[in-house]
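One rule links them: number in the numbering used here = place in the sequence shown (from 1) + 3.
Just so you know, even glycine gets a beta-carbon here, dropped at the ideal spot from N, CA and C.
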Amino acid sequence: FGSTKKGAKGVAFSKILRFAAVVIALFSIGVTAFLFRSQIVESSWQQLATNLYVDSVRLDDQSVIVMNKASRIKYRFNDGQRLVRLDGMAFFKVAKDSHRPFVVKLNHSEVKVLGTSFFIENLKERDRVVVEVAEGRVEFSNKHQKVILLKGQKAVLENGMINHFDCEAQNIASWEKGRLSFQAANLSQVVDQLMTYYPEILKVNQLSLAQDTVKVTTVFDNQPLTDVLDELKIHFGKNIQFSDGELTISD
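Here's what the structure looks like:
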């Protein structure tokens, strides 16, 4: 009788062990599957970053992204969308695909197109987003606004508001060719273009009180910022200093 009790207990304990083994196996499979899925999601993002030089990448859909210095992109394509994340400055030449919109995710905003070419500046340190259209049509939006930009138009998102206006088409992503040209441009217009050319300029302090009446026609070819600023001092008769990412202009 005692042996029967011990045998029954042994059988029950054996069943418990088998049940526990099944639970552990299922749990292990679940964890492995989760990790595997996570790795797939993460690895499906392709990444590219630049440091001191301009670089470019041709995507699977034949779109081309030209990145300015100190910029980074992540991109992922699927059947319904072409998705890119940008930190820095880049010029996009988007291949047409009516079935898959090309979407660029930015700070608190996004750009959506089907096929066109445009420039984006998205530097967190500047606390703004700039979009300039070289060809075609671009939709630029945040939570509160949506604007449609055409060739030769520009939009700036600052303090939660999008403002758009015309821009100099020849200077859009001019850093791609290393050439920056101005036709009868005042100091404010020149500085605005310098910011899209030189990512090292993070902030502009305009301390000059004199009216901005001088207009300049000039060309800069692959010149360092220091040389450009020296020439602008002569043209505009201003004291222009650059230090620690800040450009300061005074009389």
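The three-state reading of DSSP puts His167 in strand, counting E and B together. Burial state of Arg85 is buried, judged by a 10 Å Cβ sphere holding 16 or more other Cβ atoms.
Ala188 sits close to Glu171, with the two beta carbons spaced by under 9 Å. Under DSSP, no beta-bridge partner is assigned to Asp230.
CA-CA distance, Gln148 to Gln65, rounds to 30 Å. Residue pairing by DSSP puts Tyr78 in a beta bridge opposite Gln49 and Val87.
When the beta-carbon positions are compared, Ile68 and Ala93 come within less than 9 Å of each other.
Straight-line measurement puts the Cα of Glu142 at about 16 Å from the Cα of Arg88.
In the three-state reduction of the DSSP assignment, Asp195 falls in the helix class. In the three-state DSSP reduction, Lys96 falls in the strand class (E or B). For Glu128, there is no enclosing beta strand (DSSP E), since its DSSP letter is neither H nor E. Here the C-alpha atom of Glu203 lies approximately 28 Å from the C-alpha atom of Phe105. Of the candidates Leu126, Asp195, Ser112 and Val136, the residue whose Cα lies closest to the Cα of Gly118 is Val136. Sequence-distant Cβ neighbours of Val60 in its own chain, meaning closer than 6 Å and more than five residues away, are Leu51 and Ile68. Per DSSP, the continuous beta strand (DSSP E) segment holding Ala158 begins and ends at Gln156 to Glu161. Sixteen is the threshold: when 16 or more other Cβ atoms of the shown chains lie within 10 Å of the Cβ of Val134, as they do, the residue is buried. With fewer than 16 other CB atoms across the displayed protein chains lying within 10 angstroms of its CB, Val222 is exposed.
Scanning its chain for C-beta atoms nearer than 6 Å, with the 5 sequence neighbours on each side dropped, one finds around Glu179 the residues Val69 and Phe94, in chain order.
In this structure, Phe121 sits away from Thr199, with a CB-CB distance that is not shorter than 9 Å.
Taking C-beta separations shorter than 7 Å and ignoring five residues to either side along the sequence, the partners of Gly91 in its chain run Met70, Asn71, Ala73, Ser74, Arg75, Asn125, Leu126 and Pro202, following chain order. Counting every other CB atom within 10 Å of its CB across the protein chains shown gives Asn174 a total of 16 or more, marking it as buried. The three-state reading of DSSP puts Ile237 in helix, counting H, G and I together. If you look at Val114, you'll find it in the beta strand (DSSP E) that goes Ser112 to Val116.
Excluding five sequence positions before and after Gly248, the CB atoms of its chain that fall closer than 8 Å to its own CB belong to Glu128, Glu203, Ile204, Leu205 and Lys206, given in chain order.
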